[in-house]
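Q:
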Amino acid sequence: MLDGKEVEGLILAAGYSTRFKLFGSNFKKYLLKLNNSNILGYIITGMVKARIRKINIIASKISNKSKYRQIILNSVLKSGIDLKNFDLNIIENKTPNRENGYSLFLGLNAISSEYTLLSMADHIFSENIFSQLIMNYIKDDIFLATDPLHLKEPYKVADATKVYGLNSFIIEIGKEISEYNRLDMGALILRTRVIRDICQEIELDKYKFGISNVILSAIESELKVGYFDLPNVIWLDVDNSSIYNKLRELFSDSSNIHPFGLYPSKYISYKGKKERIRK
385 MLDGKEVEGL ILAAGYSTRF KLFGSNFKKY LLKLNNSNIL GYIITGMVKA
435 RIRKINIIAS KISNKSKYRQ IILNSVLKSG IDLKNFDLNI IENKTPNREN
485 GYSLFLGLNA ISSEYTLLSM ADHIFSENIF SQLIMNYIKD DIFLATDPLH
535 LKEPYKVADA TKVYGLNSFI IEIGKEISEY NRLDMGALIL RTRVIRDICQ
585 EIELDKYKFG ISNVILSAIE SELKVGYFDL PNVIWLDVDN SSIYNKLREL
635 FSDSSNIHPF GLYPSKYISY KGKKERIRK
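Take 385 as the starting number for the sequence shown in the numbering used here and just add one per residue.
Structure below.
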């Protein structure tokens with residue numbers, strides 16, 4: 385078990401949002417509205433609730449870094465978090481076509497803590513799986529949140545990254561593997577220095593590489609690459625407008641499930657008090 389204070393957060397938000405082309409080339413799907421805030425606002429809030437005090441975001445196409453930062457902070461404030469409770473570091477990936485493994489490499493180069501909690505910017509969960517990963521972590525070099533396929537909906541298995549795991553260790557991972565018994569949920573804890581070294585080795589050899597490549601390389605290097613099943617968590621990878629509509633339906637104000645288990649409210653907390661948001 386870790387203390388959240390030993391961990392820095394890393395959110396990968398440098399994707400192209402290609403399935404939302406109608407919104408324009410600079411559109412960022414993680415800023416899509418969700419209840420009082422947006423998708424990214426809830427992810428950051430989930431990390432802060434897990435006692436993480438420094439959060440790094442890897443983003444692309446930042447024309448005005450100050451404005452971008454303020455948009456994010458406003459999103460978090462609307463989720464009920466006092467901005468004094470965490471530090472935000474924004475890192476620009478100027479070559480996002482090198483894929484999310486390279487974004488991970490950039491992020492790990494900026495992190496000084498021994499452990500990193502990694503999340504995609506477009507994955508939403510019905511419980512705070514960040515807290516659950518931290519509480520259940522033992523000594524793995526990579527500790528991946530997984531869905532043991534007890535729930536077939538609301539996501540499509542065909543689009544997910546698949547995992548074959550055995551006795552709490554990952555044997556194989558990838559979108560195209562034929563034998564699998566779990567799905568990658570898009571959140572994990574890793575040992576910063578060890579995995580940064582793995583990324584550096586891959587980066588010297590490949591222009592494009594993904595997180596699955598990093599995990600496979602760690603397995604080949606005989607590192608401890610484990611998984612943690614979360615069978616009762618409902619989750620969505622917001623990959624297109626249809627899934628976004630499903631997200632809004634699942635986590636509506638009237639629903640009995642909520643993003644990261646956080647009840648939607650017309651109130652935000654500030655300095656230990658609650659203030660109503662004026663419409």
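Heads up, the beta-carbon is just placed ideally off N, CA and C, and yes, glycines get one too. Given the structure is predicted, the values throughout are model-derived calculations rather than measurements.
Can you round the beta-carbon distance between residue 505 and residue 473 to whole angstroms, since I take them to be within the 8 Å contact cut?
A: By one-based count along the sequence shown, residue 505 stands at place 121. By one-based count along the sequence shown, residue 473 stands at place 89. With 8 Å as the limit, residue 505 and residue 473 do not qualify as a contact, their Cβ atoms being about 15 Å apart.
Q: Quick check on the burial criterion: 16 or more other C-beta atoms within 10 angstroms. Buried or exposed for residue 433?
A: Reading the sequence shown from its first residue, position 49 is the one you call residue 433. By the neighbour-count rule (16 or more Cβ atoms within 10 Å), residue 433 is buried.
Q: Is the Cβ-Cβ distance between residue 612 and residue 430 less than 8 Å?
A: In the sequence shown, the residue the question calls residue 612 occupies position 228. In the sequence shown, the residue the question calls residue 430 occupies position 46. Cβ distance not < 8 Å, so residue 612 and residue 430 don't count as in contact.
Q: Is the Cβ-Cβ distance between residue 442 and residue 490 less than 8 Å?
A: In the sequence shown, counting from the first residue as 1, residue 442 sits at position 58. In the sequence shown, counting from the first residue as 1, residue 490 sits at position 106. The answer is yes: Cβ separation under 8 Å.
Q: What does the alpha-carbon distance come out to for the pair residue 411 and residue 508?
A: Here residue 411 refers to the residue found at position 27 when the sequence shown is read from its first residue. Here residue 508 refers to the residue found at position 124 when the sequence shown is read from its first residue. So the alpha carbons of these two residues sit roughly 19 Å apart.
Q: How should residue 511 be labelled, buried or exposed, when 16 other C-beta atoms within 10 angstroms of its C-beta is the threshold for buried?
A: By 1-based counting over the sequence shown, the position of residue 511 is 127. When all chains shown are included, residue 511 counts as buried.
Q: If you drop the 5 nearest sequence neighbours on each side, which residues of the same chain put their C-beta closer than 6 Å to that of residue 544?
A: As a first step, residue 544 is located in the sequence shown; it is residue number 160 there, counting from the start. Closer than 6 Å at Cβ, skipping near neighbours: 567.
Q: Tell whether a beta-carbon distance below 8 Å holds between residue 446 and residue 483.
A: Position 62 of the sequence shown, counted from the first residue, corresponds to residue 446. Position 99 of the sequence shown, counted from the first residue, corresponds to residue 483. Their beta carbons are not under 8 Å apart, which means residue 446 does not touch residue 483 by this criterion.
Q: Along the chain, where does the alpha helix (DSSP H) that runs through residue 580 open and close?
A: On the sequence shown, position 196 is the one that residue 580 refers to. First-last of the alpha helix (DSSP H) with residue 580: 576–589.
Q: Check for me: the alpha helix (DSSP H) holding residue 504 runs from which residue to which?
A: On the sequence shown, residue 504 is found 120 positions in, with the first residue counted as 1. Per DSSP, residue 504 is not a residue of any alpha helix (DSSP H); the beta strand (DSSP E) it occupies stretches across 499–504.
Q: When you compare the region 561–576 with the region 598–618, are there three or more beta-carbon pairs, one atom per stretch, that lie closer than 8 Å?
A: yes
Q: What's the gap between the Cα of residue 602 and the Cα of residue 553?
A: Reading the sequence shown from its first residue, position 218 is the one you call residue 602. Reading the sequence shown from its first residue, position 169 is the one you call residue 553. In a straight line, the C-alpha of residue 602 is about 12 Å away from that of residue 553.
Q: Can you give me the C-alpha to C-alpha distance between residue 496 and residue 622, rounded to a whole angstrom?
A: As a position in the sequence shown, residue 496 is number 112, starting the count at 1. As a position in the sequence shown, residue 622 is number 238, starting the count at 1. One C-alpha to the other measures close to 30 Å.
Q: Using a Cβ distance threshold of 8 Å, determine whether the region 413–424 contacts the region 459–466, with at least three qualifying pairs required.
A: Flag = yes, the region 413–424 and the region 459–466 touch.
Q: Helix, strand or coil for residue 431, going by three-state DSSP, please let me know.
A: Numbered from its first residue, the sequence shown carries residue 431 at position 47. Helix at residue 431.
Q: Between the alpha carbons of residue 658 and residue 417, how many angstroms are there, rounded?
A: As a working note, residue 658 is residue 274 in the sequence shown. As a working note, residue 417 is residue 33 in the sequence shown. Residue placement at residue 658 is flagged as unreliable, the pLDDT there being 40, under the threshold of 50; a coordinate-derived value is accordingly withheld.
Q: Near residue 389, which residues of its chain fall below 7 Å by C-beta distance, leaving aside the five closest residues on each side in sequence?
A: Stepping through the sequence shown from its first residue, residue 389 is reached at position 5. Result list for residue 389: 435, 437, in chain order.
Q: Counting C-beta neighbours from all protein chains within 10 Å, is the total for residue 641 16 or more, i.e. buried, or is it exposed?
A: The residue labelled residue 641 in the question sits at position 257 within the sequence shown. When all chains shown are included, residue 641 counts as exposed.
Q: Threshold first: 3 residues or longer. Then list the beta strand (DSSP E) segments lying entirely within the region 444–494, N to C.
A: 471–476
Q: Please confirm whether residue 609 and residue 525 have their CB atoms less than 8 Å apart.
A: Reading the sequence shown from its first residue, position 225 is the one you call residue 609. Reading the sequence shown from its first residue, position 141 is the one you call residue 525. Yes, the pair counts as a contact, with Cβ atoms nearer than the cut-off.
Q: Do you know offhand how far residue 394's Cα is from residue 576's?
A: To locate residue 394, count along the sequence shown from 1; it is residue 10. To locate residue 576, count along the sequence shown from 1; it is residue 192. The straight-line gap from Cα to Cα measures roughly 11 Å.
Q: May I have the straight-line CA-CA distance separating residue 629 from residue 638, to the nearest angstrom?
A: Residue 629 sits at position 245 when you count from the first residue of the sequence shown. Residue 638 sits at position 254 when you count from the first residue of the sequence shown. Approximately 15 Å, taken between the alpha carbons.
Q: How many angstroms separate the CA atom of residue 427 from the CA atom of residue 480?
A: Position 43 of the sequence shown holds residue 427. Position 96 of the sequence shown holds residue 480. Roughly 21 Å separates the two Cα atoms.
Q: Going by beta carbon distance, what residues of the same chain come within less than 7 Å of residue 594, once the five residues before and after it are set aside?
A: Taking the sequence shown and counting its residues from 1, one reaches residue 594 at position 210. Taken in chain order, the residues that qualify are 483, 484, 485.
Q: Output yes or no for whether 8 Å exceeds the beta carbon distance between residue 517 and residue 465.
A: Position 133 of the sequence shown holds residue 517. Position 81 of the sequence shown holds residue 465. The answer is no: Cβ separation not under 8 Å.
Q: Determine, using beta carbons only, whether residue 396 and residue 487 come nearer to each other than 8 Å.
A: As a working mapping, residue 396 is identified with position 12 in the sequence shown. As a working mapping, residue 487 is identified with position 103 in the sequence shown. Contact flag set, yes.
Q: Buried or exposed: residue 353, going by 16 or more other Cβ atoms within 10 Å of its Cβ?
A: The chain is shown only over 385 to 663; residue 353 falls outside these bounds and no answer can be derived.
Q: Is residue 569 helix, strand or coil when you go by DSSP?
A: Taking the first residue of the sequence shown as 1, we reach residue 569 at position 185. Reduced to three states, the DSSP call for residue 569 is strand.
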